[in-house]
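Step one of this worksheet: look at the structure below.
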Amino acid sequence: MRTGVFLFGGVEMDDVGPGDPAPTSRRYSAEEVWRATERLLDVGVLADRLGYDSYWLTEHHFQYEGYEVVPNGILNGAILAQRTENIRIGTMVNIIGQWHPLRFAEDFSTLHNISGGRAILAVGRGTVPREAETLGTRIGSFDNPDRAEADNYNRRQFDEAMEVVTTALDNETFSFHGEFYDFPPAGIPDRGGFVEELTLVPRVLHPYEIWQTITSPPTLEVVPKKGYGGVFWLKNHQFMKMFWERYQEVYETTHGRSLAPGEKRMLVLCVRVEDTFEDAYRAIQPGHDEYWKFLGPYGWSQGYMGEDGKPAKSGLIPTLDQSLENRTFVIGSPEDVAAGIDYYRQLLGGIEDLVIFPNLPGDSYSETEEQITRFAEEVIPLL
């Protein structure tokens, strides 16, 4: 089982919890934001030394509130590649609709090559209108009727952008003419003729993996058909099993081969390791509540199960008890955490890729370094 570490890259906060302050009322200085970036890279170096397989940054923009302050995981990944030796480096996730697809392909290829083939191409469609609609796409939700048009636009644009990215990465020369992108545009003069094809420089020198986050049923039907790996996070354990198995069904029907247990599927779990369950509960509760106070209004909790057994209504801000019941958070002693992961291993029939999320608002980076150390030294041996 490959095990990775995923962090949002937030500013260290000292006033987290339910209620005030409102998420949008905070504002941090340029120095505080940059310190978070540097400490995020420090944790990546430690993860490499501890033997983790992968380290995941994130992509978010304009978050003066300090929750997620790294806008470019590829650029930070290149810095991390120079400071590490073995760990694979990804962004969970690159929001492709917010990039020029050819510039993204160039940047990813540069990171992949300079790291010696350690970059992971992980992509998503985005969730935050402030970011998306400022940077060239739209955001909607499949179950939000008043945003259906935006969601449809986002899906079409994302699919086309990914076709551009992979075509450019995988071919010596290419052209692409679609609904959103036209490469090269017609009529570009060049040395007595016209440009008909382009060549990406640099192109990747090593094989690469593609992963996409899967949160909705429509996306679940598309990702395995493309052959991308699926990233699953923040889902009730029973929903997780349904998505996990449906991915396998669609993949095997499309590609005509069986998947090994857990193959091409990644499980992400929020974790906290302390000496006892009670210690972990007390330690994680303020950060948990702050986390959902910020993310709940964006619809992130729709993977939870409502009282009717169906997905929770958009906007749910779950309690810690609800998160534990849904098994999106696994906390307690090393033995408790190992047992929680083993539960998923049995439920899903096997796990090849596990990524832990050990840092919540209010956690210092020193605490996070302690968490990934305890997980590596006290939990992984139990697995």
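Take 851 as the starting number for the sequence shown in my numbering and just add one per residue. Where is the CB? At the ideal position from N, CA and C, for every residue including glycine. Given the structure is predicted, the values throughout are model-derived calculations rather than measurements.
Taking DSSP's pairing of strands, which residues face Y878 in a bridge?
Bridge partners of Y878: none, in fact.
D1032 versus T1023 - alpha carbon distance:
Going from the Cα of D1032 to the Cα of T1023 covers about 15 Å.
Measuring alpha carbon to alpha carbon, tell me which of Q1088, V1100 and Q1196 ends up nearest T1178.
The alpha carbon of T1178 has as its nearest neighbour, out of Q1088, V1100 and Q1196, the alpha carbon of Q1088.
Less than 7 Å separating the beta-carbons of T1211 and M863?
With the sequence shown as reference, residue 1211 is identified as Pro, and Thr is not the correct amino acid for it. Yes, the pair counts as a contact, with Cβ atoms nearer than the cut-off.
My guess is that I1181 and Y1131 are in contact by the Cβ rule of under 8 Å, so how many angstroms apart are they, rounded?
Here I1181 really is in contact with Y1131; their C-beta atoms are around 7 Å apart, less than 8 Å.
Starting from V1054 and walking both ways along the beta strand (DSSP E), at which residues does that stretch end?
Per DSSP, V1054 lies in no beta strand (DSSP E) segment and is marked neither H nor E.
Would you say the beta carbon of F958 comes nearer than 6 Å to a heavy atom of the ligand PLP?
In the structure shown, the ligand PLP is absent, as is every other ligand, since no ligand is present at all.
Per-residue DSSP class, three states only, for W906
For W906, the three-state secondary structure derived from DSSP is strand.
Evaluate contact between the stretch 962-979 and the stretch 928-943, counting only Cβ atoms and requiring at least three cross-stretch pairs below 8 Å.
Result yes; three or more Cβ-Cβ pairs closer than 8 Å.
I need the straight-line Cα distance from E1095 to A880, nearest angstrom please.
Distance from the CA atom of E1095 to the CA atom of A880, rounded to whole angstroms, is 45 Å.
Spatial distance of V1054 from N963 (CA atoms)
Cα-Cα distance, rounded: 6 Å.
Contacts around L930, its chain only, beta-carbon distance under 6 Å, and the 5 residues preceding and following it disregarded:
Only L891, G894 and I939 meet the Cβ criterion.
Exposure label - I1038; buried when at least 16 CB within 10 Å:
The residue is exposed, with fewer than 16 neighbouring Cβ atoms inside 10 Å.
Alpha carbons only, please: which of E935, S1173, G1137 and F1030 is nearest the one belonging to E1217?
The residue with the shortest Cα to Cα distance from E1217 is G1137.
Considering Cα atoms alone, identify which of F858, T853 and R852 is closest to F1144.
Measuring from the Cα of F1144, the nearest candidate turns out to be F858.
Spell out the partners DSSP gives W1083 in its beta bridges.
The bridge partners DSSP lists for W1083 are V1118.
Terminal residues of the alpha helix (DSSP H) in which F954 lies:
Here the alpha helix (DSSP H) through F954 covers P951 to I964.
Give a yes or no on whether the C-beta atoms belonging to D1186 and M1116 are separated by under 7 Å.
Result no, Cβ atoms of D1186 and M1116 do not sit closer than 7 Å.
Going by DSSP, name the residue or residues bridged to D892.
DSSP lists no partner for D892.
Can you give me the C-alpha to C-alpha distance between S1183 and I1191, rounded to a whole angstrom?
Going from the Cα of S1183 to the Cα of I1191 covers about 12 Å.
Cβ distance (whole Å) where T1007 is taken to contact F1030 below 8 Å
Sequence inspection shows Gln at residue 1007; the Thr mentioned does not correspond to that position. With 8 Å as the limit, Q1007 and F1030 qualify as a contact, their Cβ atoms being about 5 Å apart.
Opposing strand residues paired with V1237 [DSSP bridges]
Since the first residue of the chain shown is 851 and the last is 1233, residue 1237 is not available in this structure.
Taking only runs that begin and end inside the stretch 1159-1219, name each unbroken beta strand (DSSP E) of 3 or more residues, in chain order.
Here the runs fully enclosed are 1179-1182 and 1203-1207.
Buried/exposed call for E1046, threshold 16 Cβ in 10 Å:
Flag for E1046 reads exposed.
Is it true that the stretch 1193-1201 meets the stretch 1105-1113, where meeting means three or more beta-carbon pairs spaced less than 8 Å apart?
The count of Cβ pairs closer than 8 Å, one atom from the stretch 1193-1201 and one from the stretch 1105-1113, reaches three, so the stretches are in contact.
Reduced DSSP category for R997 - H, G, I as helix; E, B as strand; rest coil
Of the three classes helix, strand and coil, the one that applies to R997 here is helix, per DSSP.
Is DSSP giving P1040 helix, strand or coil here?
For clarity, residue 1040 is Asp in the given sequence; the question names Pro instead. The three-state reading of DSSP puts D1040 in strand, counting E and B together.
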